[in-house]
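Colleague: Quick one: the structure is below, questions incoming.
This is the structure we're talking about:
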């Protein structure tokens with residue numbers, strides 16, 4: 007069955023993408039004067055027979071789309087469900103450039119895709135086309151400042167910012183410490199040639215990176231000033247409340263709140279002073295320099311997207327006595343009890359997550375390929391998925407659901423096809439939790455509930471200004487590439 011239900015199919019997704027066309031049974035439509043649209047959400051796919059042959063079948067599908075000149079950007083294996091409802095069949099959710107695919111064109115494309123799937127013994131897999139825009143997630147915004155997030159930027163383009171990911175030791179015999187991030191953060195393609203960069207000759211100029219770009223620095227100051235103002239308002243209020251209560255017992259709690267607010271003002275004001283005194287100029291915020299950065303490209307063999315760089319840190323820029331090693335700051339955006347419940351969504355699920363002391367989740371070890379493809383966790387619907395966490399520069403701390411079948415990503419240059427890669431897809435935790443990532447989160451490290459590394463965040467897709475699907479380069483694969491350049495490198499060890 008072929009359906010034209012443009013507009014309403016994907017209500018509830020962060021960007022509410024426009025549905026062009028889809029196959030399969032009709033989805034229920036609320037009727038009556040009090041009818042309200044029911045939000046729909048994506049469900050990860052981690053246990054389906056197509057997984058074993060997806061590399062072959064997926065290539066056949068996208069090459070067919072190329073042959074009929076469909077301007078596609080992503081092919082995401084996913085299932086759809088109404089919020090809280092049962093998931094439907096597997097869909098190949100194809101993103102196309104806005105207004106590039108007509109209804110008749112979508113129907114012809116769906117017929118061809120279904121034929122390929124039937125020949126591969128998967129006649130029940132459906133096709134859906136929606137309008138969406140894929141983008142590598144770099145942007146100038148800084149929406150949530152936390153001291154454990156390192157927004158980095160190239161010294162010569164400080165308006166372009168991303169997030170530092172991991173600290174690595176060059177070797178046990180070396181004092182050098184590297185920061186891993188996405189290459190397009192310190193070396194944006196708009197300003198640098200896309201070729202291998204290796205700093206080996208000390209006579210060559212360095213590409214230095216900032217701990218805070220222009221926007222990040224300004225936002226940090228404004229965030230601290232705003233915090234102080236709000237706390238001072240509370241101080242005045244608590245003082246008036248105490249004066250009115252006199253010696254009443256109820257005043258004891260108010261006194262505690264007053265003390266806490268005054269301590270917060272003192273701490274934030276002290277940190278604000280350090281920032282303005284020591285980080286006010288661009289030169290003061292230089293964190294290190296790019297030591298190695300392969301070109302942004304797609305690898306041969308496994309079609310993995312390569313977008314990474316190592317920054318050699320200036321050791322005197324970091325207080326190593328207070329250094330927290332590789333941690334993700336979980337903060338208080340999601341209360342600790344809610345966080346635990348989100349990571350233990352199903353009574354029969356396997357999860358060892360415990361909210362860490364101080365909200366600092368230690369990053370350690372790597373999630374292997376078989377664990378990404380066949381996770382043992384269950385989401386709240388009792389379906390297999392890989393629950394993942396990140397703290398990005400734009401969206402802060404978010405929890406998402408990783409899928410076991412990789413997505414195909416297509417990028418174009420001004421002359422036609424640029425590259426096609428396969429990347430791990432992450433969907434929103436739920437309809438009410440919003441997007442997992444946004445522009446500016448590039449370079450963020452994504453981990454599971456044990457702090458094991460899943461991947462490096464590289465991009466996302468959605469309609470206009472919101473992200474429905476986030477994409478990662480698998481870290482188990484990326485680590486192998488890093489070790490080709492630095493064979494003895496390893497994650498900065500956890501302090502005893």
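In this note's numbering, the protein residues as written are 7 to 502.
A virtual CB, placed ideally from N, CA and C, is assigned to each residue, including glycine.
Note that the structure is a prediction, hence the values are computed from the model and not measured.
Taking three-plus beta-carbon pairs below 8 angstroms as touching, is the segment 347 to 364 in contact with the segment 298 to 314?
Modeller: As far as the Cβ criterion goes, the segment 347 to 364 does not touch the segment 298 to 314, which means the pair count is below three.
Colleague: Taking the alpha-carbon positions, what's the residue 470 to residue 22 distance?
Modeller: As a working note, residue 470 is residue 464 in the chain shown. As a working note, residue 22 is residue 16 in the chain shown. Rounded to whole angstroms, residue 470 to residue 22 spans 10 angstroms at the Cα level.
Colleague: So which of 80, 180, 95 has the shortest CA-CA distance to residue 140?
Modeller: As a working mapping, residue 140 is identified with position 134 in the chain shown. Ranking 80, 180, 95 by Cα distance to residue 140 puts 80 first.
Colleague: Taking the straight line between their C-alpha atoms, what separation do you get for residue 265 and residue 397?
Modeller: As a working mapping, residue 265 is identified with position 259 in the chain shown. As a working mapping, residue 397 is identified with position 391 in the chain shown. Near 30 angstroms, if we compare the C-alpha coordinates of residue 397 and residue 265.
Colleague: Give the single residue among 374, 325, 136, 315 whose Cα lies nearest to the Cα of residue 192.
Modeller: Against the chain shown, residue 192 aligns to sequence position 186. The shortest C-alpha separation from residue 192 is found at 315.
Colleague: Determine which residues share a DSSP beta bridge with residue 78 and list them.
Modeller: Counted from its first residue, the chain shown places residue 78 at position 72. For residue 78, which the question treats as bridged, DSSP gives the partners 102.
Colleague: State buried or exposed for residue 322, treating a residue as buried only when at least 16 other CB atoms are found within 10 Å of its CB.
Modeller: For the purposes of this step, residue 322 is taken as residue 316 along the chain shown, with counting starting at 1. Exposed, because fewer than 16 other Cβ atoms sit within 10 Å of the Cβ of residue 322.
Colleague: Alpha carbon to alpha carbon, how far is residue 283 from residue 391? Give it in angstroms, no decimals.
Modeller: Here residue 391 corresponds to residue number 385 of the chain shown, with the count starting at 1. Here residue 283 corresponds to residue number 277 of the chain shown, with the count starting at 1. Approximately 47 angstroms, taken between the alpha carbons.
Colleague: Distance, Cα to Cα, residue 73 vs residue 430?
Modeller: Taking the first residue of the chain shown as position 1, residue 73 is located at position 67. Taking the first residue of the chain shown as position 1, residue 430 is located at position 424. About 25 angstroms.
Colleague: Taking the alpha-carbon of residue 63 as reference, which of 377, 98, 38 has the nearest alpha-carbon?
Modeller: Reading the chain shown from its first residue, position 57 is the one you call residue 63. The shortest C-alpha separation from residue 63 is found at 98.
Colleague: Give every residue of the same chain whose Cβ lies closer than 6 angstroms to the Cβ of residue 351, excluding the five residues on either side of it in the sequence, and list them in chain order.
Modeller: Position 345 of the chain shown, counting from 1, holds the residue named residue 351. So the list reads 385, 386, once near-sequence residues are dropped.
Colleague: Taking the beta strand (DSSP E) that residue 71 belongs to, which residues open and close that run?
Modeller: As a first step, residue 71 is located in the chain shown; it is residue number 65 there, counting from the start. No beta strand (DSSP E) contains residue 71, which is instead part of the alpha helix (DSSP H) from 60 to 73.
Colleague: Taking residue 119 and residue 67 to be in contact with their CB atoms under 8 angstroms, please state how far apart those CB atoms are, rounded to whole angstroms.
Modeller: If you number the chain shown from 1, residue 119 lands on position 113. If you number the chain shown from 1, residue 67 lands on position 61. Between residue 67 and residue 119 the Cβ distance is about 5 angstroms, and since that is below 8 angstroms, they are a contact.
Colleague: Can you confirm whether the segment 16 to 33 touches the segment 128 to 136 when touching is taken to mean that 3 or more C-beta pairs between the two stretches lie within less than 8 angstroms?
Modeller: Judged by Cβ distances under 8 angstroms, the segment 128 to 136 makes contact with the segment 16 to 33, as three or more pairs qualify.
Colleague: Regarding residue 192 and the ligand PLP, is the C-beta to nearest heavy atom distance less than 8 angstroms?
Modeller: With respect to the ligand PLP, the structure shown offers nothing to examine, as it has no ligands at all.
Colleague: Say whether the segment 437 to 444 touches the segment 108 to 117, bearing in mind that this needs 3 or more beta-carbon pairs closer than 8 angstroms, one atom from each stretch.
Modeller: No, they do not touch.
Colleague: Let me know if residue 312 comes out buried or exposed under the rule of 16 or more other beta-carbons within 10 Å of its beta-carbon.
Modeller: Position 306 of the chain shown, counted from the first residue, corresponds to residue 312. Its Cβ being crowded by 16 or more others within 10 Å, residue 312 is buried.
Colleague: Does the beta carbon of residue 470 sit closer than 9 angstroms to a beta carbon anywhere in chain D?
Modeller: Of the protein chains in this structure there is only one, and it is not chain D.
Colleague: In three-state terms, what does DSSP make of residue 248?
Modeller: Here residue 248 is taken as the residue at index 242 of the chain shown, counted from 1. In the structure shown, residue 248 sits in a helix (DSSP, three-state: H, G or I).
Colleague: Measuring CB to CB, does residue 215 end up less than 9 angstroms from residue 292?
Modeller: Walking along the chain shown from the start, residue 215 turns up at place 209. Walking along the chain shown from the start, residue 292 turns up at place 286. Contact flag set, yes.
Colleague: Please state whether DSSP places residue 383 in a helix, a strand or coil.
Modeller: Position 377 of the chain shown holds residue 383. It is coil, neither helix nor strand.
Colleague: Is residue 348 buried or exposed, if buried means 16 or more other CB atoms sit within 10 Å of its CB?
Modeller: For the purposes of this step, residue 348 is identified with residue 342 of the chain shown, where counting begins at 1. Buried: at least 16 other Cβ atoms inside 10 Å.
Colleague: Let me make sure I understand the geometry here. Which of 333, 345, 381 has the alpha-carbon closest to that of residue 355?
Modeller: Mapped onto the chain shown, residue 355 falls at position 349. Considering only alpha carbons, the answer is 381.
Colleague: Quick check on the DSSP output: what are the complete beta strand (DSSP E) runs of length 3 or more inside the segment 410 to 469, in order along the chain?
Modeller: Segments of the beta strand (DSSP E) lying fully in the segment 410 to 469: 413 to 419, 422 to 434, 451 to 453, 459 to 468.
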